[in-house]
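Residue numbers (our numbering): 87 to 238. Here a beta-carbon is modelled for each residue, glycine too, at the ideal position from N, C-alpha and C. Predicted model, so just to flag it, every value in this text is computed and none were measured.
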């Protein structure tokens, strides 16, 4: 048995870009940043940002294009997929992307809607599920918790 499951909470690094396949299926791409805070050996607080390439297909791609904007905070579930390609120098390259199966907009309407100018979406959190089970049954957005808030 094997499992290929990714869960990310982060912010979009750019506005989603949607294209359509020859068969008319929507495919949306965007980047997403996740942050990690830690203390270095010298005791200084460090922050590391990881960037992820995200791909969303079908109806979810259309929803992502309509409601997500650069800076939007989302919860995302999906799987890791590798892609091999040849660069300009004819060298074989491999890149990795996250194929989203489910995402949920987090934060306030202002955060996820780019200023809150009525885009036709509901409040702060909407769930778009392509049939995959979600581990988040309730809206868990709220004040952001940092390592400094944890007492141990």
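Apart from the five residues on each side of it in sequence, which residues of its chain come closer than 7 Å, Cβ to Cβ, to residue i?
i           : result
residue 131 : 123 and 125
residue 171 : 179
residue 89  : none
residue 127 : none
Excluding the five sequence neighbours on either side, which residues of its own chain have a C-beta within less than 8 Å of the C-beta of residue i, listed in chain order?
i           : result
residue 169 : 180, 181, 182 and 183
residue 113 : 104, 105, 106, 107, 141, 142, 143 and 147
Please work out which residues of its chain come closer than 6 Å, Cβ to Cβ, to residue i, disregarding the five sequence neighbours upstream and downstream, and give them in chain order.
i           : result
residue 136 : 120
Starting from residue i, follow the beta strand (DSSP E) in both directions and report where the run begins and ends.
i          : result
residue 97 : 92-98
Does the beta-carbon of residue i have 16 or more other beta-carbons within 10 angstroms, so that it is buried, or is it exposed?
i           : result
residue 129 : exposed
residue 228 : Its pLDDT being 42, under 50, residue 228 is placed unreliably by the model, and the measurement read from it follows with that caveat. The residue is exposed, with fewer than 16 neighbouring Cβ atoms inside 10 Å.
residue 166 : exposed
residue 159 : buried
Sorry if obvious, but does the Cβ on residue i come closer than 7 Å to a heavy atom of the ligand GDP?
i           : result
residue 103 : No copy of the ligand GDP appears in this structure; indeed no ligand is present at all.
With DSSP as the reference, please indicate the residues paired to residue i in a beta bridge.
i           : result
residue 104 : 114
- request: Output the residue ranges of the alpha helix (DSSP H) runs that lie fully inside the stretch 113-195 and measure 4 residues or longer, sorted by chain position.
  value: Complete alpha helix (DSSP H) runs here, min 4: 144-153.
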